[in-house]
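Below: the structure, in structure tokens.
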Amino acid sequence: MDKRADFLSPGRLMALVKKEFLQIGRDSSTLLMGVVLPIILIIIMGFGMSLDVRNVPVAVVLEDSSPAARSVVSFVDGSEYFSPSYVTNMKEAEEMLMSHEVHAAILVPGDFTARLAAGEAKVQVLLNGVEAITAMSAQKYIEAAVLSRAAEEGMKQQGDAVQAGQAVLVSRVWFNDANTSTWFFVPGILMMVMTLCGVFLTAVVMAREWERGTLESIFVTPASLLEIVLAKIIPYFCVAFTGFCLCLVVGQVLYDLPMRGSLAVILFASMLYIIVALGLGLTISAVTKNQFLACQVSMLVSFLPSMMLSGFLFDLHSEPLAIQVISRIFPTTHYLQLIKSLFLAGNYWPLIVEKCVLLAGYGILFIGLAFRLTKRRVG
Amino acid sequence: MQMTGLVQDRLRLFWRHLLFMCQKELLTTLKDRRMRAMMVVPALMQGFLFGYAASYNLDNVPYAVVDEDRSASSRSLLGHFAGSGSFQLVAMPDSPREIGQLIDREEILLAVVIPGDFERKLQQGQAAEVQVIADGRNSSVAGMATGYASRIVAEWNLERMAEATGVKGGQGSVSVESRTWFNPNQITRWIFSPGLIAMIAFVQVLLLAGMSIAREREQGTFDQLLVTPLSPAELLLGKAVPPMLIGLVQSTILFCIARFWFRIPFAGSLVTLYLALILFIFSLIGVGLMISAISESMQQVMVYFMVLMMPMVLLSGLATPVINMPEALQYATYADPLRFAVDAVRRIYLEGAAAGDLLGDFVPMLLISAITLPLSGWLFYNRAV
Amino acid sequence: MAEESVQRPGIAGEPLVSGRVLQNVELEAAEGEITAIVGPDGAGKTTLMRMVCGLLPLGEGSHLQVDGIDVAREPWRVQSIISYLPQKFGLYEDLTVQENIDLYADLHGVPGDVRQERVGRLLHMTEMHKFTDRLAGRLSGGMKQKLGLICTLVRSPVLLLLDEPSVGVDPLSRRELWEILEQLVQEEGLTVLVNTAYAEEAERCQMVYMLDKGRLLAKGTPAELQGEWPRGLKGMNGAGAAVRHRGSVGEGDSAGEGGKGSDSDSNSIRDGGDGAEPDIVVRNLVKRFGDFTAVSHTSFDVYKGEVFGMLGPNGAGKTTTFRMLCGLLPATSGELLVGGVDVRRHRNRAREGIGYVAQKFSLYGNLTVYENLRFYGGIYGLYGRELTQRIDELVAEFGLSEKLKQAADSLPLGYKQRLSMAAALLHRPKILFLDEPTSGIDPEARQNFWRQIDRLSAAGTTIIVTTHFMEEAEYCDRIMIQDHGELLVLGSPEEIRSRMGMPGAGMNEIFIAIVERARQREGGNSHG
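Protein chains in written order, with our numbering: chain L, 422 to 800; chain X, 3 to 387; chain V, 22 to 549.
So this is what it looks like as structure tokens:
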């Protein structure tokens, strides 16, 4: 490591930082990445990414048109979950299912009423497994609706013969009263934006200096390694942080995102995470020293894990143990867990402390690695 | 005769040029050991890791129950929860107040609370409440779990009623028989793994095609190429084919992982699958080359790549269904070739759809290529050459 | 000037740099002197420089001290007292000239008042003061070099290291560069360590180390070493190349070859005289970038089999003209025929018959020599046996057979040039464009190169070449000199000599005279 007497000179640091900002200003693509992309993402993800089932096209076949049969599937009418189309026979429904015109088909067989008395009535549900996500939700919903309707009807017919009430489910979703996936995705978008700005931009920008030989010249000036690395961190910290704040504001305005934890903690944790991301970016560039490779490696170790393994899309609880372990290796997982909890649940200090300590550890690790690997050497 | 001879000569020259271009492109890309690794490792990693990780299925959702009633009815209902297989009981606190802490610590995702008057209300013929509390930080799990819970409760109600109506087998009882085509257990991996086959080609083709010209420009070899008699078409195609090949190889790797490792049954024909992939890659290559033509440095390529890739992946329906999007965004997805590719590959893979069934996917991809390819040629000719 | 600085009083000549590096090279650089390290490509010159800077590990058994500081142990201390101009200049191309200078001045902690005075002086010395707002990436090669020098000289370093500072720099700028160096040595007692492949530059230094393949061949003052420059290190101005008319390049051995024997004594008149078909016709060629006119109304012809030299200071419009001829840059207006094909309309057809060697020998760095050749042969329409045969021929001709399996990036510059030439000649082009083909190549390799050019031209290939070595202009049948986008002079070297009234003068002097005269005229006009 550097043992230079004047380890850190504000003048030199300022000069290098100024240079970096000038370069950012010259190249509109940096701002595109730092400002435009976050806004595009937050709009598309916020509005577009949803696991909430709404208006599932469903075909209904009533082979038995008795009132009882009609009643058992009547829940589809006027429901926000389904948009039904009634067809006359099963063949037609199957064709629609096959061509993805509908994602589910409900069949009330011709002998429904007849069998109802014997307690053997059946309703068939056909789903297309290619739309597994929709199929899963739709199936649960249809089953619950048919069964409870049947129970109600049954109860009515029994009249007072049996003194049996029913269990009624009252479900409450904590932290997400509207139960929309928007609230669930927005903290993830913040994480993605910072990952992109932090890891990708820094990795490529630093690799470019290696590639073009400019680092060689900077090495042979009094600038210390600390100054060189800091001068990369500061500007891109600002870019990433701007992107973060922008997303925060847009998230508030567009989606009414609750912020139950304190803003200070959110900002602090995010700053920590940006530092982790920057350190990772610098480490990648020091290892690859090549823009193209840096880009590919960043993709592999930051973008894909953030998207697929962090819990951004997929719930970690349902993952196989090995995947859970692997996902915990990546800092994004921890940051996402923390920030989601901060936005939706509030300040839960044990979690905050644990994750912040972890993130700080990652930060120290990556920045340290970046220092170690960025030798004042060439070739 | 002479004309056809001339045409043949031109054609032969064209193929030779193309061959040499492709050979060179592949060599420069694959020569470096690290680059070779970058072609294979991401494919394997995505295939395996995400094959396992990408799942919306509920397994072992940790939950807690608070049974304040402690009656036969409450035990019976809770037994239904325990027997469902999707939930895993991790705590039985005495009071609902403790639930808060459990959820905060993310020890449970779901809590079932049965109030003290549960059985009494049932017997009085009243509606007896069962509370289900879900952690909304993960709304998809919360939604799915509550849906599941309501089904369990409905089932239990029906059973109770059947029992109450006597030995007769339960008058008025209805059962629902659900069948899911092509994916009987509704395993989301079955739709993610085929989706990834398209996704990996998307990422690689776009990035490689995008970088190809910019890299030569930074290294200074592009001028040299321009001074050769290669026509812009040959140059463009020479730049286009190698990423396509690499993309296809990666797709093949992912296909093999899905088919042989995860043993997801392949219902379609390989010919149709590759036809779809090639069509898809054609619609991408134009986009990649456009990026390359307008970028001055590799850094710019990367930024444009990101700005295009992220929305396209998100809008593709790979992670969340397209029908869940607002209408305006659903229209936007028509410009996204990945959306059609994901759909086509899934349907070929799982349904065994034939080319004829997939016109709805193929025609848009063809249209997109018909627009982007000439556009990239034009941009290339006017910006790069 | 050189003599003056040799006799600089006051400095004891104590070694500022001392140590043993590479293969037992005992290196000493005395304070206040310019020490040169010369040697052919691949001699280890750049490696040595980087070692002195502490950028490369020294290796076993080596030690090195700069100003009493051990480089291996405390590289950072050394790095803060020296200035180093690497071959790639280390400029930020997306920053302006001023911003680049400010960055380095800030890094070296040059105080404001000193800076203004010093930078101002450097800018004037290098005539860069008009371009302070221009992006470094938009500067021509020579100007980048000057900017690099300014950036390394923003403060007065204890030791200045220059890695081949005059590669690709025109004679005017090169002269200025050395004048600046000598002035600084004199005024500030600067110690300089400079790498060069050229004896004429070594002659301006006080001490010369001659390296080859990491070994020390000789050491001494230029006077001591005079006459024993080994292995191709003869200066272009030295005895070996005193007569520089065409046909004498190969010292007679090429005169007998080909069909040129009959007119080898006439430099300017081509085989067919006036009746010869021009291979290249340029009429009223203009290129504007916005308001800036890079090339203005230029007309000339190049005849079949001719060697046509394009000369001019850096930024004169040479490269622009050259790129338009190759169809790499669309012309703003004018007529442009290459091999009878209108380049502006049929770019591709025009390209079929030409070969092109780019300035930095653009090769695919990670492909081997053979793979590079195969590729270029392939896209020029060769294939199968013909291609293999042609590759074999050229590999033999350019002496590349040992390097066939080596990656192009790992080749020394001289080999890269040969490979580029071989690649450009695979398809037997009728017209060959060479953009500074001899920049950075050691003199022996340059001699070989011109011998090859001579043979090609004898076989009827038309050759257009740009160069910064005025001596090389003598090898051309005709030359044109451009400055500020204007065509200043066109004719055979002999004609130009007589027109300038400078018979027997070296091309260097003539070039400088022509450019300076033109600039004075221009200056006079703008004042008037």
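Every residue, glycine too, gets a C-beta built ideally from N, C-alpha and C.
Counting only unbroken stretches of 4 or more residues, the alpha helix (DSSP H) elements lying wholly within the region 463 to 540 of chain L are 488 to 494, 511 to 519, 533 to 537, in sequence order. Along the region 104 to 125 of chain V, the positions whose C-beta sits under 9 Å from a C-beta of chain L are S104, Y105, L106, P107, Q108, K109, F110, G111, L112, Y113, E114, D115, L116, T117, E120, N121, D123, L124, Y125, read in chain order. Taking 9 Å as the CB threshold, K26(X) lines the interface with chain V. Annotated as proximal: M70(V) and L214(V), with beta-carbon spacing under 9 Å. One finds N369 in chain V with Cβ atoms closer than 8 Å to the Cβ of S233(X), taken in chain order. D498(V) counts as buried, since at least 16 other C-beta atoms from the protein chains shown sit within 10 angstroms of its C-beta. The three-state reading of DSSP puts N711(L) in coil, since its state is none of H, G, I, E or B. A check of alpha carbon separations from L349(V) across M311(X), T190(X), V229(X) identifies V229(X) as the nearest.
From the beta-carbon of H84(V), no residue of chain L is found nearer than 9 Å; the closest lies around 18 Å away.
Boundaries of the alpha helix (DSSP H) harbouring V774(L): 770 to 794, taken from the DSSP string. Taking 8 Å as the cut-off between beta carbons, the residues of the region 735 to 763 of chain L near chain X are F735, D736, H738, S739, E740, P741, A743, I744, I747, S748, Q758, K761, S762, in sequence order. For V544(L), the enclosing beta strand (DSSP E) stretches over residues 542 to 549. Between F382(X) and L286(X), the gap from beta carbon to beta carbon reaches 9 Å or more. For the pair A690(L) and L437(L), the CB atoms are not nearer than the 9 Å cut-off. Annotation for V115(X): the continuous beta strand (DSSP E) segment containing it runs 112 to 116. Look at P98(X) here: in three-state DSSP terms it is coil, with no helix or strand label.
For V309(X), the enclosing alpha helix (DSSP H) begins and ends at 300 to 317. Less than 9 Å separates the beta-carbon of T753(L) from that of P726(L).
In this structure, the beta-carbon distance from V229(V) to V59(V) falls below 9 Å.
Here V481(L) is buried, its C-beta having at least 16 other C-beta atoms within 10 Å. Judged by DSSP secondary structure, M231(V) falls within the beta strand (DSSP E) whose first and last residues are 228 to 233. When secondary structure is reduced to three states using DSSP, Y113(V) falls in the coil class, being assigned neither helix nor strand.
Per DSSP, reduced to three states, the secondary structure at V188(V) is coil, with no helix or strand assignment. For D71(X), the closest of H19(X), V132(X), I101(X) by C-alpha to C-alpha distance is V132(X). Contacts with chain X (Cβ-Cβ distance below 7 Å) from the region 610 to 643 of chain L involve L617, F621, V625, V626, R629, listed in chain order. Within a 10 Å sphere around the beta-carbon of I202(X) sit 16 or more other beta-carbons, which makes this residue buried. Per DSSP, the continuous alpha helix (DSSP H) segment holding I255(X) begins and ends at 234 to 258. When DSSP states are grouped into helix, strand and coil, S460(V) belongs to the coil group. Annotation: Cβ neighbours of D127(V) in chain L (cutoff 9 Å, chain order): G432, R433, M435, A436, L437, K439, K440.
Within the model, the alpha-carbon separation for M304(X) versus L742(L) is close to 34 Å. Separation of D134(V) and E648(L) (C-alpha to C-alpha, rounded to the nearest whole angstrom) is 24 Å. In the DSSP assignment, no residue is bridged to A147(X). Using a Cβ-Cβ cut-off of 9 Å, S294(X) is close to nothing in chain L; its nearest Cβ partner there is about 13 Å away.
Beyond the five residues adjoining it in sequence on each side, Y125(V) comes within less than 8 Å, by CB distance, of C172, T173, V175 in the same chain, given in chain order.
Our two residues, R12(X) and P267(X), have alpha carbons roughly 46 Å apart in a direct line. C-alpha of L272(X) to C-alpha of G319(X): approximately 23 Å in a straight line.
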